[in-house]
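Note that the protein sequences, when read in sequence, are chains A and B. According to our numbering, the first sequence holds residues 633 to 831 in order. According to our numbering, the second sequence holds residues 752 to 1401 in order. C-beta: ideal position from N, C-alpha, C; glycine also.
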Amino acid sequence: MSDEPTSFVFDAEAEANIAKILPRYPAGKQASAVIPLLYQVQYQMGRQTGSAWVPRVAMDMVAERLGMAPIRVYEVASFYFMFNLKKMGRYHLQVCGTTPCWLRGSDDVLRACKDAGGLKGYGDSSADGLFTLSEVECMGACVNAPMLCIDEDYHEDLNYERTVALIEALKSGERPAPGSSIGRQTSAPEGGPIVLVEG
Amino acid sequence: MAKVTVDGIEVEVPNGASVLQACELAGAEIPRFCYHERLSVAGNCRMCLVEVEKAPKPVASCAYPVMDGMKVFTDTPMVRNARRGVMEFLLINHPLDCPICDQGGECDLQDQAMAYGKDSSRFQEQKRVVKDKNIGPLIKTVMTRCIQCTRCIRFATEVAGVPELGATGRGESMEVGTYVEKALSSELSGNLIDICPVGALTSRPYAFVSRPWELTKTDSIDVLDATGTPIRIDTRGGEVLRILPRQDEAINEEWMGDRGRFSFDGLKRRRLDRPWVRRNGKLAPATWAEAFSEIAARFRGRLGAVVGDTVDAEAVFALKSLMGTLGSANLDCRQAGEAITGTHRAHHLFNTGIAGIEAADRLLIIGSNPRLEAPVINARIRKATLAGLKVAYVGPATDLTYGATNVTLETDFLAGAERPMVILGRAALARPDGAGLLARAWEMATPTPEWNGFNLLHAFGGQVAALELGFVPGPGGLDLAAMMGGGVDALWLLGADGFDPARIGENTFVVYQGHHGDAAAARADVILPGAAYTEKDGTWLNTEGRMQRAYTAVLPPGEAREDWKILRAASAALGKPLPFDTLEQLRAQHPLFAGIVPDTALVAPPAGALSDLPFAAADKNYWQVDPITRASPTMAACAQAAQTPAMAAE
Chain A
633 MSDEPTSFVF DAEAEANIAK ILPRYPAGKQ ASAVIPLLYQ VQYQMGRQTG SAWVPRVAMD
693 MVAERLGMAP IRVYEVASFY FMFNLKKMGR YHLQVCGTTP CWLRGSDDVL RACKDAGGLK
753 GYGDSSADGL FTLSEVECMG ACVNAPMLCI DEDYHEDLNY ERTVALIEAL KSGERPAPGS
813 SIGRQTSAPE GGPIVLVEG
Chain B
752 MAKVTVDGIE VEVPNGASVL QACELAGAEI PRFCYHERLS VAGNCRMCLV EVEKAPKPVA
812 SCAYPVMDGM KVFTDTPMVR NARRGVMEFL LINHPLDCPI CDQGGECDLQ DQAMAYGKDS
872 SRFQEQKRVV KDKNIGPLIK TVMTRCIQCT RCIRFATEVA GVPELGATGR GESMEVGTYV
932 EKALSSELSG NLIDICPVGA LTSRPYAFVS RPWELTKTDS IDVLDATGTP IRIDTRGGEV
992 LRILPRQDEA INEEWMGDRG RFSFDGLKRR RLDRPWVRRN GKLAPATWAE AFSEIAARFR
1052 GRLGAVVGDT VDAEAVFALK SLMGTLGSAN LDCRQAGEAI TGTHRAHHLF NTGIAGIEAA
1112 DRLLIIGSNP RLEAPVINAR IRKATLAGLK VAYVGPATDL TYGATNVTLE TDFLAGAERP
1172 MVILGRAALA RPDGAGLLAR AWEMATPTPE WNGFNLLHAF GGQVAALELG FVPGPGGLDL
1232 AAMMGGGVDA LWLLGADGFD PARIGENTFV VYQGHHGDAA AARADVILPG AAYTEKDGTW
1292 LNTEGRMQRA YTAVLPPGEA REDWKILRAA SAALGKPLPF DTLEQLRAQH PLFAGIVPDT
1352 ALVAPPAGAL SDLPFAAADK NYWQVDPITR ASPTMAACAQ AAQTPAMAAE
């Protein structure tokens, strides 16, 4: 693993968060904080390197902090797909391919991601280091399908063109507002509310 | 107690027992993979499904507690169907490579597939493939065969106390391994091979060597540490192919240290297979007759004898008898000059007993690292700590695989303990203040007739018997140190490789009787080839003083002979024939061979001065400690892997 850093220390922001996280667990049960701490690692790596992932040295650090055997941390981190164990692009494009999104055109969203992001397929990272493409299962945004989750932001009601525009915006350094790309209010019907409109 | 009916047979089991245990008690055999008596319950293989009256579904009997009045059925169509279903799922991803699998013939999956497997597979898709892991020179992994029972993970975490194995990934990509490739840092890793129910973890030295039905099995004793682990030596065609532990609840439960299990390849290397006699300063091959005539001519004057650490009691007794008839009291078995006299049995035994560790409430370890000196006993201590035993140790900081505080001799750690226990390492007695330490340890253990908490942990299987037979200087006799540097004219070394032979005086005539051409043999004037522990019927006493018999698994190589026979023949050559011609006659001459009784007199050892000399770190090299292990390529690979665990030898 050539991307593997040789050391990892929590920065001030992560330390502040850890100080809030640890007291949530009873004394002697600190190991329960392994998932929140792994998130802190991933956020910090995103802040510091632009690639939100969990290197092994950081897992060892979490193990040491929580008094666990390192292998127990590896087990947790490799179990949950939310933790990226490989170096990632700056933006993690997560295309939902589950049935509702698929019926509503997730194939177009995927194609747009590949075309605009310069990606070969699921699991690929773009050469410019900006994007990593993943397939995810239903993320619960079916009413506004198809959807694309970028890092932790949901972008809904997408089609090919709007997905391309979204990715181009990311390339130019903008961070488009999450939510429906057609201006839908939450999960209201397309074109605005049709019931309870008067009084 | 709960009354449970299993297939119409009523049994009483304690509350909290599992249905599986109740079934076993009733004599119903329950197939299982993940369940193991000495490990925590995982309940993930689902092979042990049984039907319980009023339960809507089959239940996993290993993880299901009994209730009073429960009715269990282990052989109904529902049970058989359920198990067949589980077996089909297990076999979906299990390769059909039994013909090239080393577990073949002793594989739980193979056996149980005979009962519950289908004759053909309905699975059309690709089987999953898992990359093999390199976890050191002892264990070969074929991880595609893994059925993910997690026994190895639980063994490493719970029994061995080295949480290094885990299950990473999930679902189909779940893999058992260390995640970061490294050799396991356990002295008990060979047990993973035994507990793995399939061929995922097999013995690397035994790979593609033999099938279990081709092997001749001989009961023996592991003498390479003082635990006295009962073993089974598997041989074929006069060659030891593997060594496995037997079960003894009082000694090893069912575990075994890696040293005894894997070092037998040293029995084929650097062996003394014919007598040698030094002529004109060089050792030359000789016949037995030539060797004996040389001894008859030159074993004269002031005589001395030293026995080694792994010699059987019969040979020690024969040598002691021989020296007695020759009128010499210059005997010693304490090669490092340990302060043990052998006068009071309780001073050199593990009085509490290995099983007794579990009854103690506080344990102080002085000058010993049981993890390296007796890993199986260490596992027992670890088991006791999980049940509440508090442990402290005096000596350099080390990881004993369980929580232990590092204290000094002045700390009153055992104060207030109901059943205090002290383990004193034999190496500590070799310190200048050894006698003082012995007295101090005895005093701290405060032995009573009901509870003797004083324990001496020996290093090798032959050490206790030599002490019990009184192989120490007789009245007016010289000890080892006095025999060195020309203190005697002729010296008989019986497997004595534990001291530097350069200390022997230049003009001393040395007879070396043993099985390996190690340093002491190179110094000898006459070499008599003896038998290793696998090659003779013999008696050994473990550190508890437990008398154990071992039997001949293979014959000694070449012209080598059993040691007591060599001594008997030598006595005839020296004109003082010993009064026994068979092993039975020899054994009849000393009460030790009928078993020893513990010393209940409880005389305190004489007080001695204590020095503030720091305790030396126990020998870090667990693998290479005696001529057999030093000659073993497997042990050499282990020693190397221990230095660089990340690049364990392939």
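Distance CB(residue i)-CB(residue j) smaller than 8 Å
i         : j         : result
B/Leu1180 : B/Glu1089 : yes
B/Asp1034 : B/Ile1317 : As written in the sequence, residue 1034 of chain B is Leu, which differs from the Asp given in the question. Against a cut-off of 8 Å, the Cβ pair of B/Ile1317 and B/Leu1034 comes out as no contact.
B/Ala1311 : B/His1266 : yes
B/Arg1056 : B/Arg1113 : Note that residue 1056 of chain B corresponds to Ala in the displayed sequence, not to Arg. Taking 8 Å as the Cβ cut-off, B/Ala1056 and B/Arg1113 do not qualify as a contacting pair.
B/Asn1206 : B/Ile1174 : yes
B/Tyr786  : B/Cys799  : yes
B/Pro1036 : B/Arg1025 : yes
B/Thr978  : B/Ile1002 : yes
B/Ile1117 : B/Ala1192 : yes
B/Ala833  : B/Pro782  : no
A/Val666  : A/Val708  : yes
B/Thr1259 : B/Asp1240 : yes
B/Gly1249 : B/Gln1086 : yes
B/Asp853  : B/Tyr930  : no
B/Gly1281 : B/Gln1299 : no
Per DSSP, the bridge partner or partners of residue i
i         : result
B/Ala1155 : B/Val1142
A/Cys781  : A/Gln726 and A/Tyr786
B/His1267 : B/Arg1022
B/Val810  : B/Val801
B/Arg1030 : B/Lys1033
B/Gln1299 : B/Trp1291
B/Ala1056 : B/Leu1082 and B/Trp1243
B/Ala753  : B/Val764
B/Lys822  : B/Thr756
B/Val1262 : B/Trp1243 and B/Val1277
B/Pro1171 : B/Arg1113
B/Ser769  : B/Pro816
Chain-ordered chain B contacts of residue i [CB-CB under 8 Å]
i        : result
A/Phe711 : Thr919, Gly920 and Arg921
A/Arg656 : Correct list: empty, because the minimum Cβ distance to chain B is about 25 Å.
Within chain A, partners of residue i - CB distance below 8 Å
i        : result
B/Thr929 : Ile703
Closer than 7 Å: residue i CB and nearest the ligand COA heavy atom
i        : result
A/Val708 : Although the ligand COA was asked about, the structure shown includes no ligands whatsoever.
Chain B contact residues for residue i, given Cβ-Cβ distances below 7 Å
i        : result
A/Arg688 : Val931
A/Glu707 : Gly917, Ala918 and Thr919
Nearest neighbour of residue i, chosen from the options [CA to CA]
i         : options                                       : result
B/Asp1269 : B/Gly1289, B/Asp1288 and B/Gly1246            : B/Gly1246
B/Met838  : B/Glu804, B/Asn795, B/Gly856 and B/Glu876     : B/Asn795
B/Glu1286 : B/Ala1148, B/Asp1314 and B/Pro1328            : B/Asp1314
B/Ile1347 : B/His1095, B/Lys1327 and B/His1209            : B/His1095
B/Arg1170 : B/Asp1248, B/Thr1159, B/Glu1201 and B/Ile760  : B/Glu1201
B/Lys882  : B/Leu841, B/Gly856, B/Ser924 and B/Cys849     : B/Ser924
B/Ala1392 : B/Gly1093, B/Leu1082 and B/Pro888             : B/Pro888
A/Asp760  : A/Leu828, A/Glu767, A/Tyr754 and A/Gly750     : A/Gly750
B/Phe1164 : B/Gln861, B/Gly1187, B/Thr1152 and B/Leu1140  : B/Leu1140
B/Leu1018 : B/Arg1381, B/Thr1395 and B/Ala1155            : B/Arg1381
B/Val1067 : B/Thr1395, B/Ala1360, B/Arg1319 and B/Ala1387 : B/Arg1319
B/Val1215 : B/His1098, B/Leu1082, B/Tyr1153 and B/Lys1134 : B/His1098
B/Ala1064 : B/Thr953, B/Cys813, B/Ala918 and B/Tyr1284    : B/Tyr1284
B/Asp1350 : B/Pro1198, B/Ser971, B/Arg1053 and B/Lys869   : B/Pro1198
B/Ser1072 : B/Ala768, B/Phe1331, B/Ser1383 and B/Leu975   : B/Phe1331
B/Asp945  : B/Ser769, B/Val1158 and B/Phe784              : B/Phe784
Residues that residue i contacts on chain A, provided the C-beta gap is smaller than 9 Å
i         : result
B/Leu1220 : Those do not exist, as B/Leu1220 stays about 46 Å from chain A at its closest Cβ, beyond 9 Å.
B/Glu915  : Ala701, Pro702 and Ile703
So within the region 865–952 of chain B, which uninterrupted beta strand (DSSP E) runs reach at least 3 residues, ignoring any that extend past its ends? Whole beta strand (DSSP E) segments, 3+ residues: 890–892, 917–919 and 926–928.
Along the chain, which unbroken stretches of the beta strand (DSSP E) at least 3 residues long are found entirely within the region 1061–1113 of chain B?
-> none
- Message: Give the list of continuous alpha helix (DSSP H) stretches no shorter than 4 residues that lie fully inside the region 682–712 of chain A.
- Response: 688–698 and 702–711
#### Entry: Ordered list of alpha helix (DSSP H) runs contained in the region 1173–1260 of chain B, each at least 4 residues
1185–1196, 1214–1219 and 1231–1234
Query raised in the report: Along the chain, which unbroken stretches of the beta strand (DSSP E) at least 3 residues long are found entirely within the region 954–1014 of chain B?
Result: 967–972, 981–987 and 990–996
What are the uninterrupted segments assigned as alpha helix (DSSP H) that are 4 or more residues long and contained completely in the region 756–825 of chain A, given in chain order? 792–803
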